[in-house]
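Trainee: Right, I'll just put the structure down here and ask away after.
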Amino acid sequence: MTPNLERNALQTDTVFQTKDLNIYYGNFLAVRDVTIDIPKNAITAFIGPSGCGKSTVLRCFNRLNDLIKSFHIDGKIFYHGQDLYAPDVDPVEVRRQIGMVFQRPNPFPKSIYDNIAFGPRLLGYKGDMDELVERSLRGAALWEDVKDKLKVLGTDLSGGQQQRLCIARAIAVQPDVILMDEPCAALDPISTLKVEDLLQELKENYTIIIVTHNMQQASRASDFTAFYNVQANEKGQRTGYIVEYDRTEVIFQSPKNKSTQEYVSGRFG
Amino acid sequence: MATSVDNPTGMSYRRTEFSRIVDNGFKWLTTIFAMGVGVTLMAIAFQVGLQAIPSIQKFGLGFLFTARWNPVEDIYGAWTQIYGTLITSFLALLLAVPVGVGVAIILSEDFLPPRVQKPLVFMVELLAAIPSVIYGLWGIFILAPFLQGPMNWLYQNFKWIPLFSTPPTGRGIYIASIVLAIMILPIIAAISRDSLVGVSPDLRQAAYGLGATRWETLFQVIIPTAISGIIGGVMLALGRAMGETMAVTMLIGNSSNPSPSLFAQGSTISALLANQFAEASGLQVASLMYAALILFGLTLLVNVLAELLVRRVEIKKI
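Heads up: the sequence lines are chains A and B, in that order.
The first sequence begins at 386 in the numbering used here and counts up one residue at a time.
The second sequence begins at 3 in the numbering used here and counts up one residue at a time.
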């Protein structure tokens, strides 16, 4: 069941590799010195207090920050060894391989079917669309909920269903990576658990990076965790940086850094 | 009340009678104003209808389909004017919708630096503030001479097409339509821009996140989401075009002879009313009222259709 979509990047075990990445908005240094390897077919969680730049780093991986005019980086981000910000890289092609799920569910005001079919149609998918829609909805554990109402507007679903629709929409193009920016922030606890269960299934086929404010979520659902913190300079500008990055059990049970220890045990931030 | 005996803060937990009266009074006042709008509309329709009765009795529905307006023999039929109203409005829309929506797109996306974009938005709105008589004068003295050459060329090469079958003069259906298009452009552009800007940025991010280009995002997500607002703007513009009087009266030539040619002089209902009301009497007044009633009906129809169309395509915004 191979998809009819191109996958031109060379597959390596390290999906993303950043080297001395600094992220700026104009002159403002938002995040500094990010050097991190993101492994394949694992869930990597970014945690840390608000404003520490974890979402900003996430949005560099699919070049979504390019939409902000003052945004620029120095340092390098490699995607399967390929420089993601090289001048000849087309950000649109990057985003076709690296899917994203956002904090607020954002289905298009189209039918459930058309929401899923949107990405494959953009990519010129020639196969059986009905089959792909069903497979994607099953993949996002939403098929049973919506199989009789595929013509209903995606925006008419409940919040938790909308978010799973957005996940289904993202996996419909068979991306290599799925970026998730606090995907459960707007969901109730039951929907949150459903999405977390889903993450475990998805990592069989996808590499997942998830930004979360929820400590339990990071400890339950992820394999690797990066703890970000934020530091203000003398002008009051707040710059984020990675304090510690390790296997999730290390971060939560025996972190090397004191501030990590304080943050994960809830005595901080 | 015992509390009033010892009240060092001066705070009262009871509403005064005055506050209740003001609240209630305001409610009644706004209700009366709101009713007033509806009553005025009905009263106008009723009055126009009442005064049109002699003409309706004499000419019946044939009034709509016969082209003659002869005050000497007291025979009236408004086909030329009805056709003129419809064709000028239609042509104006045909020209103004693509341009207006295009302007709205340019002014809602970030193609231009804000320093250029903001004044442009303001200038488009300013276009709507130019008095209609000035559009008329501009049409006569600037646009018509400017278009004379190209229109002559069209006539000479394509006169076998009925639309171009008469020699162009400075007045006529074509020039009235073009000026109307410019007049309704700002309505379409401003309303379309508002609805495009109103689309949630989350949807734009969702589309970009799936690897859509700017144009795919615009045409497959942003415009479909904003379409009900855009259609609303177009219909408002159509209403304006059908009712526009001054500029059209100055430009259309005011001829009651029907002609399929766009270069021919023609008339519209509002131009007819503006030209003839002052000197009309008897059956002519009744016939003018009849024509006015038809215009009234046409605009009502457009608005109802607009409402239905908007409801059909309406999609919930997030």
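Ideal Cβ positions, reconstructed from N, Cα and C, are used throughout, including at glycine.
Where DSSP assigns a beta bridge to A/Asn618, which residues make up the other side?
Mentor: Answer is none; A/Asn618 lacks a bridge partner.
Trainee: Skipping 5 residues on each side, what residues in its chain have a beta carbon closer than 6 Å to that of B/Ala191?
Mentor: Contacts found: Gly102, Val105, Ala106 and Val126.
Trainee: One question on the structure: do A/Ser607 and A/Leu538 come within less than 9 Å of each other, judged by their Cβ atoms?
Mentor: No, the Cβ-Cβ distance between A/Ser607 and A/Leu538 is not below 9 Å.
Trainee: Return no unless some Cβ of chain B is closer than 9 Å to the Cβ of A/Arg523.
Mentor: No - not a single Cβ of chain B is within 9 Å of the one on A/Arg523.
Trainee: Sort B/Lys120, B/Ile180 and B/Gln53 by Cα distance to B/Ile144 and report the nearest one.
Mentor: Among B/Lys120, B/Ile180 and B/Gln53, the Cα nearest to that of B/Ile144 is on B/Ile180.
Trainee: Identify whether A/Tyr648 lies in helix, strand or coil by the three-state DSSP scheme.
Mentor: The answer is helix: DSSP assigns A/Tyr648 an H, G or I state.
Trainee: So, helix, strand or coil for B/Asn154, using DSSP?
Mentor: Residue state, collapsed to three classes: helix.
Trainee: Is the distance from the Cβ of A/Thr610 to the Cβ of A/Cys569 below 9 Å?
Mentor: No. Outside cutoff.
Trainee: The beta strand (DSSP E) spanning A/Glu629 covers which residue range?
Mentor: Start and end: Arg623 to Arg632.
Trainee: Expressed to the nearest angstrom, what Euclidean distance is found between the alpha-carbon atoms of B/Leu253 and A/Pro476?
Mentor: Computed Cα separation, rounded: 53 Å.
Trainee: Suppose the cutoff is 6 Å on Cβ atoms and the five residues either side in sequence are ignored; what does the same chain contact list for B/Val223 look like?
Mentor: Leu205 and Ala209, listed in sequence order.
Trainee: Please identify the residue among A/Leu443, A/Arg444 and A/Ala603 whose C-alpha is closest to the C-alpha of A/Glu581.
Mentor: With distances taken between Cα atoms, A/Glu581 lies closest to A/Ala603.
Trainee: Quick check on the burial criterion: 16 or more other C-beta atoms within 10 angstroms. Buried or exposed for B/Gln59?
Mentor: Under this definition B/Gln59 is an exposed residue.
Trainee: Going by CA-CA distance only, name the one from B/Leu212, B/Gly211, B/Ile177 and B/Ser21 that's closest to B/Ala146.
Mentor: Among B/Leu212, B/Gly211, B/Ile177 and B/Ser21, the Cα nearest to that of B/Ala146 belongs to B/Ile177.
Trainee: Can you round the beta-carbon distance between B/Ser269 and B/Asn256 to whole angstroms, since I take them to be within the 8 Å contact cut?
Mentor: That pair is a contact at about 5 Å.
Trainee: Identify every run of the beta strand (DSSP E) within the segment 411 to 495 of chain A, keeping only runs that are complete inside it and at least 3 residues long; order them along the chain.
Mentor: Fully enclosed beta strand (DSSP E) runs of 3 or longer: 413 to 424, 428 to 432, 456 to 464 and 483 to 486.
Trainee: Do A/Gln646 and A/Pro560 have their C-beta atoms closer together than 9 Å?
Mentor: Against a cut-off of 9 Å, the Cβ pair of A/Pro560 and A/Gln646 comes out as no contact.
Trainee: With distances taken from CA atoms, which of B/Thr219, B/Val41, B/Leu88 and B/Glu246 is nearest B/Ala130?
Mentor: Checking every option, the nearest Cα to that of B/Ala130 belongs to B/Glu246.
Trainee: Going by C-alpha distance, which of B/Tyr78, B/Thr87 and B/Leu156 is nearest B/Ala288?
Mentor: It is B/Tyr78.
Trainee: Check the Cβ of B/Asp204 against every Cβ in chain A and list those closer than 7 Å, keeping chain order.
Mentor: Correct list: Phe487, Arg489 and Asn491.
Trainee: B/Leu240 and B/Gln1 - do their beta-carbons sit closer together than 9 Å?
Mentor: What the structure shows of chain B is the stretch from 3 to 320, and residue 1 of chain B is not part of that stretch, so it cannot be assessed.
Trainee: Below 9 Å between beta carbons: does that hold for A/Asp418 and A/Lys461?
Mentor: Not a contact, by the Cβ cut-off of 9 Å.
Trainee: Under 8 Å, CB to CB, which of the residues in the segment 211 to 225 of chain B have a partner in chain A?
Mentor: From the segment 211 to 225 of chain B, only Gly211, Leu212, Gly213, Ala214, Thr215, Glu218, Gln222 and Val223 have a Cβ closer than 8 Å to chain A.
Trainee: Going by beta-carbon coordinates alone, are B/Gln278 and B/Gln286 separated by less than 9 Å?
Mentor: Taking 9 Å as the Cβ cut-off, B/Gln278 and B/Gln286 qualify as a contacting pair.
Trainee: Drop a sphere of 10 angstroms on the beta-carbon of B/Glu340, count the other beta-carbons inside from all chains shown, and report buried for 16 or more, exposed for fewer.
Mentor: The question about residue 340 of chain B has no answer here: the residues shown for chain B are numbered 3 through 320.
Trainee: Whether or not the segment 112 to 122 of chain B and the segment 182 to 199 of chain B are in contact is what I'm after, with contact meaning three or more pairs of Cβ atoms, one per stretch, closer than 8 Å; do they touch?
Mentor: Too few Cβ pairs lie closer than 8 Å, so no.
Trainee: Output the distance between the C-alpha atoms of B/Val39 and B/Met291, rounded to the nearest integer angstrom.
Mentor: Distance between the alpha carbons of B/Val39 and B/Met291: 22 Å.
Trainee: Answer yes or no: does any C-beta atom of chain A fall closer than 9 Å to that of B/Ile108?
Mentor: Chain A contact via Cβ: absent.
Trainee: For B/Met13, collect the residues of the same chain with a Cβ closer than 7 Å to its Cβ; drop the 5 residues on either side in sequence, then sort them by chain order.
Mentor: Taken in chain order, the list of residues that qualify is empty.
Trainee: If you follow the alpha helix (DSSP H) that B/Ala1 is part of, which residue opens it and which one closes it?
Mentor: Nothing in the structure corresponds to residue 1 of chain B, since chain B is present only between 3 and 320.
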